[in-house]
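Chemist: According to UniProt numbering, the sequence shown holds residues 1 to 358 in order. Backbone N, C-alpha and C define an ideal beta-carbon position, used for all residues, glycine too. Bear in mind that the values here come from a model prediction, so they are computed numbers and not experimental data.
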Amino acid sequence: SGSDFEATIKPTKSSTQPMSGTGIYNFILMRYCCCIHPFDLSPAFPLAALSVSTLQTVVDEWLDSYKQSQKAGLLALINFILSFSRAGVVSDEMFKSLQNAEIISRLTKEFNEDSVSYPLSTTGLQLKRFKDALCEFARVLVRSCQNSLIYDEYLFPSLLALLTGLSDSQVRAFRHTSTLLAMKLMTGLVEVAQMVSVQLHTAQRRYDVENSKSGHESASDRLEELKATISELQENREELSSMTNGIFRGVFVHRYRDQLSEIRAISIAELGVWLKMDPDNFLNDKCLKYLGWTLYDKQSPVRLQCVRALQGLYREKEFIGCLELFTSRFKERMLSMVLDKDPDVAVETVNLLLLIQQ
C-alpha cells in the first residue's frame, strides 16, 4: 500500500476472522471505558478510570487481537493512543493508503485547538490520575511485549514512528501527549535492554565455563545452544538500542527545549531516569549536557525537575567519577540557584549541593 506504518509483516494464522482496527478500538472503549467516548470533554476520561489490573487486561486482550491481525491490532492501538489527545480516528482506509505525515496532517486539519481541551491540559487530581494511568499504560505495554512482540520489527517501529511525528506537531495536544508517551515507552525499553544485557552476560559466562572444559566433558550440543542464545540476545540488544536511539534523537533532543514548559519538564525528568538506569550508555557528557543547560531554564518547574534528576545521580557513589566534569562546569550555576526565586527550587538545590559535598 505504500504506508510507512507497514513494515515487513510476518503472516499470522487465525481460525477466526479478525476485527478491523477501528472495530477493536471501539470494543476496548465499550468494554472497559463504560461507553465514555474519548472525545467527550467530561472529567471522567476513560483511561483515568481504569485500574492497573484493568489496564493489564486491556493490553492482554489487545495483544490477542494483534496476534490475529498485526495491521488491525496496530490500528486499534494507534486510535486508542490518539484518543488521549482528543484527536480524530484513523480509519482503516486512511491506515492502508496514507503515510504517517499525511495522516497527521489530516488529523491536524480536523482538530480545533481553540475549542478542544485534552487530558494533559487539565489540573489537579484529574491531571494526576490521567498522567499516572498513561504512564502505567506505557509500562504495561512494554512489559507485556518484552519477550517477543517487541522484536517483531513491526509493532514498536511503527508505533514509535507515529509518536515521533506527532511529537513534532504544531498542535499542542498532539505534541504534549505523544512526547510523554514516547518518553515513558523509552524508559520501558531501557529497562528491557538492561535485563537483556544481564541475560547476555550470564549466557556468555556459561558458554565460557562450558567451553573451558576438556573435550570429553564439554557437550558440543550445549555449546551450540548457548551460542544461539548469545546471538539472539545480541540481536535483541541491538534492536532495543536502535529503538531507544531513535526516540532520543527523534523526540528528546527536540522536545527538551520545546516552547511548552510542561514538555521540557517531562523530557528532563525522564532523562534523569535513563542516566540512572543505564549509566553505561547514558551517563556521559553528551547526555549530561542537557541537564546542565536546563539549569538555566526560565521556568521554575523545569529547573526543579532538573535539580531532582541530578539529586538521583549524585546519590549514587559510583557515579561521582563520571560527574566530575559536569560538577566543575556547572558548579557556579548550582551555587547561584540556592537563591532561586522559586523556594522549592532553592531548597532542592541546597539538598543537591549537600549530596555533592558528601
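Kindly indicate which three-state DSSP category TYR151 falls into: helix, strand or coil?
Modeler: Of the three classes helix, strand and coil, the one that applies to TYR151 here is helix, per DSSP.
Chemist: How about GLN311 and ASN281: do their beta carbons lie closer than 8 Å?
Modeler: Cβ distance not < 8 Å, so GLN311 and ASN281 don't count as in contact.
Chemist: When you compare each of PHE252, GLN305, ASP208 to LEU163 by their alpha carbons, which one comes out closest?
Modeler: With distances taken between Cα atoms, LEU163 lies closest to PHE252.
Chemist: Please classify GLY88: does DSSP put it in a helix, a strand, or coil?
Modeler: Looking at GLY88 - three-state DSSP - the assignment turns out to be coil, as it is neither helix nor strand.
Chemist: Spatial neighbours of PHE84 within its chain, please: CB distance less than 7 Å, with the 5 preceding and 5 following residues excluded, ordered by chain position.
Modeler: Here the set comprises LEU47, PRO119, LEU134, THR177.
Chemist: Label MET337 either buried or exposed according to how many other C-beta atoms from any shown protein chain fall within 10 Å of its C-beta, with 16 as the threshold for buried.
Modeler: Flag for MET337 reads buried.
Chemist: Measure the C-alpha to C-alpha separation of PRO301 and LEU313 and round it to an integer number of angstroms.
Modeler: Approximately 19 Å, taken between the alpha carbons.
Chemist: Is the separation between the beta-carbon of LYS184 and that of TYR207 shorter than 8 Å?
Modeler: Contact flag unset, no.
Chemist: In three-state terms, what does DSSP make of ASN236?
Modeler: Reduced to three states, the DSSP call for ASN236 is helix.
Chemist: From ILE266, GLU324, TYR66, PHE319, pick the residue whose C-alpha is nearest to that of LEU149; which is it?
Modeler: Nearest C-alpha to LEU149: TYR66.
Chemist: Have a look at GLY272 and CYS306 and give me their C-alpha separation to the nearest angstrom.
Modeler: Spanning the two alpha carbons is a distance of roughly 8 Å.
Chemist: What span of residues does the alpha helix (DSSP H) with LEU339 cover, start to end?
Modeler: Taken as a continuous stretch (DSSP letters only), LEU339 belongs to no alpha helix (DSSP H), as it is neither H nor E.
Chemist: According to the neighbour-count rule (16 or more other Cβ atoms, all chains shown, within 10 Å of its Cβ), is ALA219 buried or exposed?
Modeler: Flag for ALA219 reads exposed.
Chemist: Hey, how far is the Cα of ALA182 from the Cα of LYS213?
Modeler: Going by the C-alpha atoms only, they are around 47 Å apart.
Chemist: Looking at the structure shown, is TYR66 part of a helix, part of a strand, or coil, going by DSSP?
Modeler: If DSSP states are grouped into helix, strand and coil, TYR66 belongs with the helices.
Chemist: On a Cα-Cα basis, can you pick out the residue from PHE156, ASN147, GLU153 that is closest to VAL192?
Modeler: Nearest of PHE156, ASN147, GLU153 to VAL192, Cα basis: ASN147.
Chemist: Under 8 Å, do VAL196 and ARG129 count as touching if we go by C-beta distance?
Modeler: Cβ distance not < 8 Å, so VAL196 and ARG129 don't count as in contact.
Chemist: If you reduce the DSSP assignment to three classes, tell me which class ARG315 lands in.
Modeler: It is coil, neither helix nor strand.
Chemist: Over the uninterrupted alpha helix (DSSP H) stretch that includes THR187, give me the two end residues.
Modeler: Note, THR187: alpha helix (DSSP H), 172-212.
Chemist: Would you report the Cα separation of ALA269 and LEU295, rounded to the nearest angstrom?
Modeler: Distance between the alpha carbons of ALA269 and LEU295 is about 12 Å.
Chemist: Below 8 Å, can you find three or more Cβ-Cβ pairs linking the stretch 197-206 to the stretch 152-166?
Modeler: No, the stretch 197-206 does not touch the stretch 152-166.
Chemist: Pick helix, strand or coil for ARG129, following the three-state DSSP scheme.
Modeler: ARG129: helix per DSSP, three-state reduction.
Chemist: With distances taken Cα to Cα, identify the nearest neighbour of ARG172 among ARG264, GLU348, LYS331.
Modeler: The option with the nearest alpha carbon to ARG172 is ARG264.
Chemist: Pick out whichever of MET334, SER328, LEU355 has its Cα sitting closest to the Cα of LYS317.
Modeler: Checking every option, the nearest Cα to that of LYS317 belongs to LEU355.
Chemist: Excluding five sequence neighbours on each side, which residues of the same chain lie with their C-beta closer than 6 Å to the C-beta of ASP342?
Modeler: Answer for ASP342: SER300, listed in chain order.
Chemist: Span of the alpha helix (DSSP H) holding LEU271?
Modeler: From DSSP, the alpha helix (DSSP H) with LEU271 extends over 261-277.
Chemist: Starting from the C-beta of ASP278, find all residues in its chain whose C-beta is less than 8 Å away, skip the five residues before and the five after it, and write them out in chain order.
Modeler: Excluding sequence neighbours, ASP278 sits near VAL190, ALA193, GLN194.
Chemist: Could you check the C-alpha separation between LYS298 and LYS289 for me, to the nearest Å?
Modeler: LYS298 and LYS289: Cα-Cα distance of roughly 17 Å.
Chemist: Please confirm whether ASP246 and LEU160 have their CB atoms less than 8 Å apart.
Modeler: One detail in the question is off: residue 246 reads as Gly in this sequence, not Asp. Yes.
Chemist: Using the Cα positions of LEU41 and SER117, report the straight-line distance between them to the nearest angstrom.
Modeler: At LEU41, the pLDDT of 33 sits below 50, so the modelled position is not reliable; the number obtained from the coordinates is stated separately. If I take the Cα positions, the gap works out to 7 Å.
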